[in-house]
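The structure appears below as structure tokens.
Protein chains in written order, with our numbering: chain A, 1 to 433; chain B, 434 to 911; chain C, 912 to 1165.
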């Protein structure tokens, strides 16, 4: 066993107490599963391009309760507008949270409190997202301290995005936090949720967000990952969609030493639409791994994935997109595209777009490109008087901008600023102003 | 498409099912060092080859059978397989007239252009019957140009230096489970050497055919094209109907020295098993080519047969400016499973590769494309374009696409496209309105789908492949 | 030649033809006009045997035989040709090869000898003149990458090669510039003969300036509501379809 596995095993031996029986069962199953599965290595097909050796070497302690002061809040990116739930080291911080603007009938709050006060509303959903035999899902189930819960009744329409803030603040040694969120939308809900991940110090943030869409709902989830430079981020997103629903996940990954975003969607009703977008900007020795699994279980589902990566330094980008069309899921229309821009000699990309099709009346496609900046375009800009660095920044931004423009307008300007700041020579861009 | 038409299409029976009665010279079943020594001794091999085989065997013992492919089959008992079986020659063959008439009739049923047919068709045939080469035509004409085209056994006897130099240079003895098995027990195969600057004047062709029951077939093919030379090689495979699954684990190695070009075409129509999935060949093949500077490798394959196909003809683009191509049509009908694709390893600068894969699934067939495009650190300016399309006929089949793309050089350009579709109702109706029957329409549309690959085949082969595609789905193509 | 009596047909649950009668004799050119949604294309589909349209009542005979009992390819062999409103693309199948296969299928069904590649090429060359094409068009895949006008010309070429007894041309004039329209009209006129008939399904009168019909029918809400000579087409062009009284109160043309 690695140091990380040994230290995690100790945490598993001291399970959290309290809560309803189904939650205790979930924790027990999670602990058993993790003991069996252990941390994945590159020998696991699904992790073959992303090494967690750096994580395995850490002695991890469960992240203790923490209370960031005003200066720390600023360093973590500040507080987004209300309504917001702020979790620090996986626990809801009521003082930093602000639920104003939440429509009547909607519930937002602490997972621990909800398990105590309304277990029946949570039982059909908590821990039932499509993650099986998954080490990090198991770890989170076993060790989550608290979490964010958002329950939206039939017909609810959110006037503004609900912000779920996940901060991890490590102490003296490396910490492990298990941020968890559960969003249950009833029938015909209209909602936008923004999840933010940030932190300080050396830590593992192994999060799990479960989302349930009742029939005819439309939900958009923005995911803004700005973890600390030393952090390991594993973010799991499990979505189950009812009939006639539309779900869009839009991920922007900027931070962490090693970051893995894994989205699994089960299209469990007829006529669903599923979109998963991602933009990742990585430099230095960062690894950004994106894994999307879309399970078309019913007829007339549409799914689209578009991922774009900008890689500099010795960064590594990984994209795995798997589309499964089950028998009987006729009239499925699935498409995925992954494009990568390599800005340096040492940046690398590994892409695996995969189709598994077991129905015949389907339209599925995937496409991908890997390349560098177009020398012709660079030359063109330079011949018009733009210096080389600015020209490079302009073309790099042009590549990434499409993804930013697809974001809901409430976060677009902020993300545009964050992304351009991360691009090499991004400061030269007028758009950054 | 109507259920009846689908049924009709998918219920076609295998047309090459017949068994030839020839006395076989067989080793007892099972695998051991003794068997390997027996094979080597029977063939009168030099010591280096025996040692090579034994090394491969010892390595094989440490390996486990790969299970990552998307294919399912009952475990293979390697101790039940007969590893050596040779047609018993009455005497040394001097000419084609002396070939066993049974054998000739079998070839005729297959439509192989042997002897006079070969001359008319301009095809030189090295026919492999079970494991030993029995007839080679055109050797004389090729010899004038210094081209060596013979059975592997003959090459071992007549050109041991060439064999020793290149054998295992592309597919090492312990490369993978099935390649290691082949290296230990290979019985025969083909050998080609084209000297520097020589353009081989005709298509070289070998027909493989699996005959005796429970004999694994372990050919080894080695083609070396010296600097600036060119050769086009055709491989056709058919096996008779058998109830028990038969293992076929071949290894093909191609070496293209600077400026050389090798075109390797395969039409594989081994017995696919019956509609319930009984019988049929397990086809686990390792094919790999190494291309030096400015060399070009082109793999073209039409895979309509076998119960299970597991093969990934690959190119190691070692030299600067070398080129690799892979054109594939794979058809899986009934309960056939095909897991095939290619690896393009870009090592040299400005290396280029093209992948065109067309998968057709019908009945309960499962078709998987699995491929890797890797741009190594030094592969500055390398390019790849991949196109993988799947066509589905009926709602019980499956099509799977697993491309792996690994880029370690920023100047590399990789483009990948994949589509999956079925034959559109309106395409069928359009054809039927013009008077075509439904099955002719399907066959025509399937051939249209596969056209980009079929046109890469040499003419004689293209016609045969087109017929095979039609036959594997229905009666014949108009 | 063609007799349609009391034809009712539906697509899914929606009835589109509500009892249609039509008779076409050998040697005649009929034009069927009508607004969008009147059922013109559905009629063409029923006659060609498209399975998605279900006939619920009525009879159709073609040269005395029950047309509705035949599958699509048998109807083609019997000499019925449908020029598609939206010709279908068949990637990878060369036009020439497709045409030869179709012609030989039809010839086989008629007990005629099949044409070999050489004879067919000679025939195709002759027919190509009709649409003013060079051979490069027939080497390309069927309709793949063709412009709208090229696809329609290709329909005319196929018709010329197959020499049907009855050609039903569904909006063959839509999306054509004037030069293409003349080529298409020329193709239709070239096929006019005592033992053949043509049905032109069209929305506009302009094709009828170049192909003079013997009979013009007006279709609305799934029935033929008016028939007359070529002058009826001009009348429609002037006053539109609006003034046509629906046969019964409930069936108003949209």
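We put the beta carbon where it would ideally sit given N, CA and C, even for glycine.
Asked: Taking 7 Å as the cut-off, is the beta-carbon of residue 926 (chain C) closer than that to any non-hydrogen atom of the ligand PLP?; Found: The model on display carries no ligand, and the ligand PLP is accordingly not part of it.
Asked: Identify the contact partners of residue 878 (chain B) in chain C, using a Cβ-Cβ distance below 9 Å as the criterion.; Found: 1001, 1002, 1003, 1004
Asked: Closer than 8 Å is the cut-off here; do at least three beta carbon pairs connect the segment 944 to 960 of chain C with the segment 1123 to 1130 of chain C?; Found: yes
Asked: Residues of the segment 836 to 862 of chain B with a CB closer than 8 Å to any CB of chain A: list them in chain order, please.; Found: 836, 837, 838, 839, 840, 841, 842, 843, 844, 845, 846, 847, 848, 849, 850, 851, 852, 853, 854, 855
Asked: As a quick exercise: from C:920, C:1102, C:939, C:1020, pick the residue whose alpha carbon is nearest that of residue 949 (chain C).; Found: C:920
Asked: Whole angstroms is fine: what's the gap from residue 66 (chain A)'s alpha carbon to residue 492 (chain B)'s?; Found: 56 Å
Asked: Report the CB separation of residue 734 (chain B) from residue 761 (chain B) in whole angstroms; it is logged as a contact under 8 Å.; Found: 5 Å
Asked: For residue 827 (chain B) and chain A, any beta-carbon pair shorter than 8 Å?; Found: yes
Asked: Consult DSSP for residue 551 (chain B) and reduce its assignment to one of helix, strand or coil.; Found: Unreliable positioning characterises residue 551 (chain B) in this predicted model, as indicated by a pLDDT of 43, which lies under 50. A coordinate reading is not provided.
Asked: Quick check on DSSP: helix, strand or coil for residue 860 (chain C)?; Found: Any property of residue 860 (chain C) remains undetermined from this structure, which presents chain C solely from 912 to 1165.
Asked: Tell me whether residue 1045 (chain C) sits in a helix, a strand or coil according to DSSP, three-state version.; Found: coil
Asked: On the DSSP bridge assignment, give the partners of residue 167 (chain A) in chain order.; Found: A:88, A:198
Asked: Where does residue 602 (chain B) fall in DSSP's three states?; Found: coil
Asked: Residues of the segment 364 to 394 of chain A in Cβ contact with chain D at a cutoff of 7 Å, in chain order, please.; Found: Among the protein chains in the structure shown, which are A, B and C, there is no chain D.
Asked: Put residue 355 (chain A) into one of helix, strand or coil per three-state DSSP.; Found: strand
Asked: Between which two residues does the alpha helix (DSSP H) harbouring residue 1095 (chain C) extend?; Found: 1089 to 1101
Asked: In chain order, which alpha helix (DSSP H) runs of at least 4 residues are fully inside the segment 826 to 890 of chain B?; Found: 858 to 866, 871 to 887
Asked: Would you list the residues sitting across from residue 1009 (chain C) in a DSSP beta bridge?; Found: Looking at the DSSP assignment, residue 1009 (chain C) forms no beta bridge with any residue, so it has no partner.
Asked: Can you pull out the residues from the segment 960 to 991 of chain C whose beta carbon lies closer than 9 Å to at least one beta carbon of chain B?; Found: 960, 961, 962, 963, 982, 983, 984, 985, 986, 987, 988, 991
Asked: For chain B, is any of its Cβ atoms less than 8 Å away from the one on residue 1078 (chain C)?; Found: no
Asked: Using a Cβ-Cβ cut-off of 8 Å (strictly less than) and excluding sequence neighbours within five positions of residue 809 (chain B), which residues of its own chain qualify?; Found: 778, 779, 780, 841, 842
Asked: Just the Cα atoms here: how many angstroms apart are residue 157 (chain A) and residue 370 (chain A)?; Found: 40 Å
Asked: In whole angstroms, give me the CA-to-CA distance for residue 7 (chain A) and residue 59 (chain A).; Found: 6 Å
Asked: Along chain C, in chain order, which residues have C-beta atoms closer than 7 Å to that of residue 701 (chain B)?; Found: Correct list: empty, because the minimum Cβ distance to chain C is about 21 Å.
Asked: In chain A, which residues lie with their C-beta within 7 Å of the C-beta of residue 784 (chain B)?; Found: By Cβ distance, chain A contributes nothing, its closest Cβ being about 15 Å from residue 784 (chain B), past 7 Å.
Asked: In the segment 200 to 283 of chain A, which residue ranges form an unbroken alpha helix (DSSP H) of at least 4 residues, counting only runs that do not cross its ends?; Found: none
Asked: Does residue 494 (chain B) pass the burial test, meaning 16 or more other C-beta atoms within 10 Å, or should it be called exposed?; Found: exposed
Asked: I want to verify the contact list: residues of chain B whose CB lies under 9 Å from the CB of residue 1073 (chain C), in sequence order.; Found: 867, 868
Asked: Could you round the C-beta distance between residue 769 (chain B) and residue 705 (chain B) to whole angstroms and report it? I think they count as a contact, below 8 Å.; Found: 5 Å
Asked: Could you please give me the residues that DSSP links to residue 1126 (chain C) through a beta bridge?; Found: C:941
Asked: Between the C-alpha atoms of residue 820 (chain B) and residue 851 (chain B), what's the straight-line distance to the nearest angstrom?; Found: 6 Å
Asked: Excluding the 5 residues flanking residue 346 (chain A) on each side, which residues of the same chain have their C-beta closer than 6 Å to its C-beta?; Found: 314
Asked: Taking the continuous beta strand (DSSP E) assigned at residue 582 (chain B), which residues delimit it?; Found: 581 to 584
Asked: What distance in whole Å lies between the Cβ atoms of residue 776 (chain B) and residue 747 (chain B), which are believed to be in contact at a cut-off of 8 Å?; Found: 4 Å
Asked: In whole angstroms, give me the CA-to-CA distance for residue 715 (chain B) and residue 701 (chain B).; Found: 12 Å
Asked: Quick check: is the beta carbon of residue 834 (chain B) nearer than 8 Å to any beta carbon in chain A?; Found: yes
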